[in-house]
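All the letters of the sequence shown, read from the start, carry residue numbers 0 to 460 under numbering that gives the first Met the number 0. Where a beta carbon is used, it is the ideal one built from N, C-alpha and C, also for glycine. Working notes for the structure below.
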Amino acid sequence: MDLAEIKHLIEDGQIEYIKLGTPDIEGVFRGKRVDARFFLDSVEDGFAQSDVIFGWDIAENVLPNLHISNWERGFTDFVMKPDLSTFALVPWEQNVASCICDMWNEQGEPISVSPRYVLKSVIERARQMGYAAKAAAELEVRYFREDQASLREKNFGTNLVPLNPGTNCYVISHATTDEPLIGQIARMMRDYGVDIEGYTREHGPGMYEMNMRYTDILAAGDRTMLFKNGVKEISHQLGYLATFMAKWNEQEDGSSGHTHVSLWDLDQERNVFWEQEAEGHMSQTMRHFVAGVLAKMPELIALYAPTINSYKRYVEGSWAPTNTTWGMDNRTCSIRVINTNKRAIRIENRVPGCDANFYLVFAATLASGLYGIEHELELPPRLEGNAYQSSQWRQSAQRSDVRTLARNLGEAADLLERSEMAREYFGSYFVDHFVTTRRWEVSEFEKAVTDWERRRYFELI
0 MDLAEIKHLI
10 EDGQIEYIKL
20 GTPDIEGVFR
30 GKRVDARFFL
40 DSVEDGFAQS
50 DVIFGWDIAE
60 NVLPNLHISN
70 WERGFTDFVM
80 KPDLSTFALV
90 PWEQNVASCI
100 CDMWNEQGEP
110 ISVSPRYVLK
120 SVIERARQMG
130 YAAKAAAELE
140 VRYFREDQAS
150 LREKNFGTNL
160 VPLNPGTNCY
170 VISHATTDEP
180 LIGQIARMMR
190 DYGVDIEGYT
200 REHGPGMYEM
210 NMRYTDILAA
220 GDRTMLFKNG
230 VKEISHQLGY
240 LATFMAKWNE
250 QEDGSSGHTH
260 VSLWDLDQER
270 NVFWEQEAEG
280 HMSQTMRHFV
290 AGVLAKMPEL
300 IALYAPTINS
310 YKRYVEGSWA
320 PTNTTWGMDN
330 RTCSIRVINT
340 NKRAIRIENR
350 VPGCDANFYL
360 VFAATLASGL
370 YGIEHELELP
380 PRLEGNAYQS
390 SQWRQSAQRS
400 DVRTLARNLG
410 EAADLLERSE
420 MAREYFGSYF
430 VDHFVTTRRW
440 EVSEFEKAVT
450 DWERRRYFEL
460 I
């Protein structure tokens with residue numbers, strides 16, 4: 000919307016409050032609600048927001064030794080400047096709208112650790128190379144017949160009641176049973192401007208996948224954050240809970256966040272991945288792009304898998320990839336090439352879980368692909384067969400074409416810290432900040448005593 004349209008809706012009484020916010024490091028939509036008339040008074044100058052949103056962890060514990068937000072600075076204000084292209088009415092709330100903001104300091108400089116800024120920086124690099132990127136995410140979500148109180152009464156345990164029992168993957172009748180919740184979410188998202196192409200019952204109790212329609216890559220980041228936030232809000236309203244954990248229970252499959260990306264000319268009329276006569280219709284540009292994504296995947300894995308729990312998802316035979324392989328329509332590989340036609344040709348990055356910050360997922364995928372183009376990286380042979388079976392890729396691994404991915408967050412953070420490519424594309428200030436937050440997460444986990452340890456050692460040790 001433009002400001003005139005927004006003003007008309009406010010004066011007509013259709014908007015009373017506006018949710019203003021931005022993605023934090025974890026991708027959580029954080030900010031404040033402001034009165035609509037105050038919004039009109041202050042929209043040009045922006046809105047104050049404590050810098051602590053980039054200074055604490057997901058449990059809101061303040062991290063030590065951060066440069067951008069700390070006790071010594073007194074947690075000063077940043078300025079949230081609304082991006083009116085993201086302004087939208089919230090269908091599941093009465094007379095409420097939302098708007099995503101970019102973050103600036105009071106001296107008029109952008110906040111370089113802001114995930115939205117990181118993605119916009121990579122988009123600008125692509126533009127200078129003559130490319131525009133389109134993207135979409137498809138997220139697997141777990142739903143439970145619980146509320147915030149019962150979740151705590153059960154101590155977040157494995158005895159939570161799922162939306163429905165059994166796996167029942169792709170079973171239409173079971174999906175129909177859940178329409179009062181899942182159908183409501185799909186319709187509300189459509190009316191919110193987050194287009195859902197389809198959704199399906201997935202392989203786990205209370206598990207659903209929703210596929211967002213592709214759009215330009217910044218809007219894809221915005222829509223994915225708004226989707227995750229909206230799913231939680233609507234579920235709460237209807238008496239349910241939703242989780243985007245990558246692996247909520249060791250007995251069940253993890254929840255993925257598959258990411259689709261394609262590269263276009265600046266007019267967004269031609270998908271530059273397509274070449275009619277080439278093998279697999281893959282242009283040389285696409286081959287370089289895929290080579291870059293694969294080559295840089297190990298050092299960027301912390302952006303695809305940002306939590307302790309993320310790495311519990313990478314289990315052989317569980318639909319989550321464990322090495323840097325690619326294939327044609329092969330769901331065991333990290334990169335699945337989909338080449339059905341000249342507009343739809345794209346890559347599916349199957350590494351991210353649904354717990355990721357998708358501004359950073361899209362930034363990492365696009366940046367590594369651009370790196371491959373800039374350095375004209377050669378694409379290794381595609382994998383035929385099962386990528387989980389080492390015999391299928393041992394020969395490639397001996398040629399260093401295939402590498403295994405980090406299996407824990409500490410190792411992933413070390414790889415990111417050493418990545419010259421990440422520092423070039425995202426800035427050293429962001430890399431250092433993000434690495435610090437990941438190491439904090441590791442140190443917090445190392446202090447925890449888990450249920451597994453009690454079951455293992457309590458009686459017999």
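Grab me the residues of Asp190's own chain with a C-beta within less than 6 Å of its C-beta, minus the 5 sequence neighbours each way, in chain order.
On the sequence shown, residue 190 is found 191 positions in, with the first residue counted as 1. For Asp190, where only same-chain residues beyond five positions count, the Cβ hits under 6 Å are Pro90.
Just curious, the alpha helix (DSSP H) that Ala125 is in, first and last residue?
Indexing the sequence shown from 1 puts residue 125 at position 126. Where Ala125 is concerned, the enclosing alpha helix (DSSP H) stretches over Pro114 to Gln127.
Do you know whose CA, among Gln48, Ile57, Ala96 and Leu65, lies nearest Lys80's CA?
What you label residue 80 is simply residue 81 of the sequence shown in a count that begins at 1. Looking at the Cα atoms, Gln48 is the closest of the given residues.
Kindly indicate which residue of Val271, Ala290 and Ile14 has the alpha-carbon position closest to the one of Asp400.
Along the sequence shown, read from residue 1 onward, the residue named residue 400 stands at position 401. That would be Ala290, whose Cα lies nearest to the Cα of Asp400.
Using a Cβ-Cβ cut-off of 6 Å (strictly less than) and excluding sequence neighbours within five positions of Lys231, which residues of its own chain qualify?
Along the sequence shown, one-based indexing puts residue 231 at 232. Closer than 6 Å at the Cβ level, and outside the excluded window around Lys231, lie Ala241.
In angstroms with no decimal places, state the Cα-to-Cα distance between Arg72 and His66.
Here residue 72 refers to the residue found at position 73 of the sequence shown. Here residue 66 refers to the residue found at position 67 of the sequence shown. Approximately 9 Å between the Cα atoms of the pair.
Return the chain-ordered list of same chain residues with a C-beta closer than 8 Å to the C-beta of Trp263, the five sequence neighbours on each side being excluded.
As a first step, residue 263 must be located in the sequence shown, where it is residue number 264. Closer than 8 Å at Cβ, skipping near neighbours: Tyr130, Ala131, Ala132, Lys133, Arg269, Asn270 and Val271.
N-terminal and C-terminal residue of the beta strand (DSSP E) that Gln48 is part of
The residue given as residue 48 occupies position 49 in the sequence shown. Segment Phe46 to Ser49, the beta strand (DSSP E) holding Gln48.
In the DSSP output, which residue or residues are listed as bridge partners for Thr21?
As a working mapping, residue 21 is identified with position 22 in the sequence shown. Answer by DSSP bridge pairing, in chain order: Arg29.
What span of residues does the alpha helix (DSSP H) with Gly182 cover, start to end?
Numbered from its first residue, the sequence shown carries residue 182 at position 183. Looking at the DSSP string, the run of the alpha helix (DSSP H) that includes Gly182 is Glu178 to Tyr191.
Which of helix, strand or coil does DSSP assign to Lys246?
Walking along the sequence shown from the start, residue 246 turns up at place 247. Lys246: coil per DSSP, three-state reduction.
Gly238 to Glu201, Cα distance in whole Å?
As a working note, residue 238 is residue 239 in the sequence shown. As a working note, residue 201 is residue 202 in the sequence shown. Approximately 21 Å between the Cα atoms of the pair.
Would Glu137 and Met206 be called neighbours here (beta carbons separated by less than 8 Å)?
The count along the sequence shown starts at 1 and reaches residue 137 at position 138. The count along the sequence shown starts at 1 and reaches residue 206 at position 207. No, these two residues do not count as a Cβ contact at 8 Å.
If Ser111 sits next to Gly426, beta carbons under 8 Å apart, how far is it from one beta carbon to the other, in whole angstroms?
If you number the sequence shown from 1, residue 111 lands on position 112. If you number the sequence shown from 1, residue 426 lands on position 427. Contact flag correct, Cβ pair sits at about 5 Å.
Local conformation of Trp439 per DSSP, three classes:
The sequence position of residue 439 within the sequence shown is 440, counting from 1. Helix, per DSSP.
Roughly how many angstroms separate the alpha carbons of Cys98 and Lys31, rounded to a whole number?
Here residue 98 corresponds to residue number 99 of the sequence shown, with the count starting at 1. Here residue 31 corresponds to residue number 32 of the sequence shown, with the count starting at 1. Cα to Cα, the separation comes out at about 11 Å.
Taking all protein chains shown into account, do 16 or more other C-beta atoms lie within 10 angstroms of the C-beta of His374, making it buried, or fewer, making it exposed?
Translated into the one-based positions of the sequence shown, residue 374 becomes position 375. Under this definition His374 is an exposed residue.
Neighbourhood of Arg124 by C-beta distance below 8 Å, restricted to the same chain and skipping five residues each side:
Within the sequence shown, the letter at position 125 stands for residue 124. Same-chain partners within the cutoff: Ala366, Leu369 and Tyr424.
Does Pro297 come out as helix, strand or coil in the three-state DSSP assignment?
Working through the sequence shown from its first residue, we reach residue 297 at position 298. Three-state result, Pro297: helix.
Any idea if Phe37 is buried or exposed, counting beta-carbon neighbours within 10 angstroms, 16 or more meaning buried?
The sequence position of residue 37 within the sequence shown is 38, counting from 1. By the neighbour-count rule (16 or more Cβ atoms within 10 Å), Phe37 is not buried but exposed.
Endpoints, the alpha helix (DSSP H) within which Leu359 is located:
Translated into positions along the sequence shown, residue 359 becomes position 360. Leu359 -> alpha helix (DSSP H) spans Phe357 to Glu373.
Might you give, ordered along the chain, the residues of its own chain that have their beta carbon closer than 8 Å to the beta carbon of Arg330, omitting 5 neighbours on each side?
Your numbering for residue 330 matches position 331 in the sequence shown. So the qualifying residues of the chain are Trp318 and Arg349.
What is the rounded straight-line gap between the Cα of Ile14 and the Cα of Phe46?
Taking the sequence shown and counting its residues from 1, one reaches residue 14 at position 15. Taking the sequence shown and counting its residues from 1, one reaches residue 46 at position 47. Approximately 18 Å between the Cα atoms of the pair.
Any contact between the segment 319-329 and the segment 215-233? By contact I mean 3 or more CB pairs, one from each, below 8 Å.
no
For my contact list, Ala277 and Leu415 are in at a C-beta cut-off of 8 Å; report their separation, rounded to the angstrom.
One-based indexing of the sequence shown puts residue 277 at position 278. One-based indexing of the sequence shown puts residue 415 at position 416. That belief does not hold up - the Cβ atoms of Ala277 and Leu415 are roughly 33 Å apart, past 8 Å.
Could you spell out the range, first to last residue, of the alpha helix (DSSP H) harbouring Arg417?
Stepping through the sequence shown from its first residue, residue 417 is reached at position 418. Careful: Arg417 lies outside any alpha helix (DSSP H) and carries neither H nor E.
CA nearest to the CA of Trp103, picked from Phe357, Asp177 and Thr21:
For the purposes of this step, residue 103 is taken as the residue at position 104 of the sequence shown. Nearest option by C-alpha distance: Thr21.
Specify, as a first and last residue, the run of the beta strand (DSSP E) that Lys80 falls within.
For the purposes of this step, residue 80 is taken as the residue at position 81 of the sequence shown. Where Lys80 is concerned, the enclosing beta strand (DSSP E) stretches over Asp76 to Pro81.
Per DSSP, what are the beta-bridge partners of Arg345 in this structure?
As a position in the sequence shown, residue 345 is number 346, starting the count at 1. Note: Arg345 sits in a beta bridge opposite Ile337.
For Cys98, the residue or residues it bridges with in DSSP:
The sequence position of residue 98 within the sequence shown is 99, counting from 1. In the DSSP output, where bridge partners are listed per residue, Cys98 has Leu19.
Helix, strand or coil for Val448 per DSSP?
Within the sequence shown, numbered from 1, the residue matching residue 448 stands at position 449. Coil.
Inter-stretch contact (C-beta, 8 Å, three-pair minimum) for the segment 430-443 and the segment 404-412:
yes
Quick one: what's got a C-beta closer than 7 Å to Ser68's C-beta in the same chain, skipping five residues either side?
Residue mapping note: residue 68 aligns to position 69 of the sequence shown, counting from 1. Counting only Cβ-Cβ distances below 7 Å, and skipping sequence neighbours, we find Asp50, Val51, Phe53, Gly54 and Phe74.
Could you give the residue range of the alpha helix (DSSP H) that holds Asn163?
To locate residue 163, count along the sequence shown from 1; it is residue 164. Premise fails: Asn163 is in no alpha helix (DSSP H) and is neither H nor E.
Would the beta-carbon of Pro109 fall within 8 Å of that of Asn356?
The sequence position of residue 109 within the sequence shown is 110, counting from 1. The sequence position of residue 356 within the sequence shown is 357, counting from 1. No, the pair does not count as a contact, with Cβ atoms beyond the cut-off.
Kindly indicate which residue of Met285, Tyr142, Arg126 and Ala294 has the alpha-carbon position closest to the one of Asp215.
The residue labelled residue 215 in the question sits at position 216 within the sequence shown. Nearest option by C-alpha distance: Arg126.
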